[in-house]
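Contents: one structure, followed by commentary.
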Amino acid sequence: MVQFHKSQNLNTLITVLGTEATRQQSQQYGCIVENKDTHEIMHYVEKPSTFVSNLINCGVYLCSVDIFSYLAAVFKQKQQEYYYGDEPQDITGSGKDCIRLEQDILMPLAGNGKLRVFNSFRWWSQIKTAGSAIYANRHYLELYHETHPDRLAQNSDGKPTVVGDVFIHPTANVHPSATLGPNVSIGKNVVIGTGVRIRESIVLGNATIMDHALVLHSIIGWNSTVGSWARVEGTPCDPNPNKPFAKMENVPLFNSSGRLNPSITVLGCNVQVPSEIIVLNSIVLPHKDLAQSYKNEIIL
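Encoded structure:
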């Protein structure tokens, strides 16, 4: 992308990273209409109400130094519109000091020869939910597997059983009888006991997973403890594998019936899960000591 940006003419102010999305999902992002020959952005719409293009904005930008002069001009224009314009303004005056990248920069520059798009057909995802964090973790581990396999845990004598791609921080203490993976990240100073099974999960620093506990599709927060024989499990919410370029759906917490949508289980920091307790499809806020099993709940 850097080389692409450098290869453009001097009039190019911004190069935007773009990727393909499905027709339906594209309306959830900024949509780009591209000149296929020059890669110039001819039209840009932020989250349109109707279909515009399958090419979406990934939120990564490379700018020339001339962008600062343009930003200054936009800022000055907004100040003048606020003080001397005829349009009604926000009584707080917040609009005069705010520059919106998509609405105030990208949309006016589109079609003026100053915007280019660099198309990427590799994996890309927003990280706005716990489910998307687990999904991103899987792909980062896959990237490690391709480019830095030495960073991933390997099966060997006296070590835990590793299935697929697993990252274990060097300071973590993992019992040899534990089984980890696929797609597991273990953070700093984590302690994992005898017979533990962890899959498709992230365990953050200083957490403790006690003997024979099971953790599936979950995020375990800092300094949290999962007791012996406890089960912490979530529901995966991956994109449809049968649709090319499908992205993560950022579904709301609750459905139309007011019930919690099944998703990744998240334990906040300093959460204590007692032995032989089940936590299923739930979100537990920090500093909670659970005393019973929970299913499809938010523990405040």
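Per full-length UniProt numbering, the sequence shown starts with residue 1, numbered consecutively.
Glycine residues also receive a C-beta, built at the ideal position from the N, C-alpha and C atoms.
The residue among C63, F4, A73, N296 with its C-alpha nearest the C-alpha of L280 is N296.
When only Cα atoms are considered, Y135 and L55 end up about 22 angstroms apart.
Counting C-beta pairs closer than 8 angstroms gives three or more between the segment 207-220 and the segment 184-198, which meets the contact rule. Rounded to the nearest whole angstrom, the CA to CA distance from G221 to V184 is 14 angstroms. DSSP places F68 within a helical segment (H, G or I) once states are collapsed to three. The C-beta of S282 has 16 or more other C-beta atoms within 10 Å across all chains shown, which makes the residue buried.
When DSSP states are grouped into helix, strand and coil, D157 belongs to the coil group. Distance from the CA atom of A72 to the CA atom of G111, rounded to whole angstroms, is 21 angstroms.
Here A172 is near I192, since their CB atoms are less than 9 angstroms apart.
One Cα belongs to V174, the other to A230, and the distance between them is close to 17 angstroms. Annotated as proximal: I99 and K78, with beta-carbon spacing under 9 angstroms.
The alpha-carbon separation between Q126 and P274 amounts to approximately 34 angstroms.
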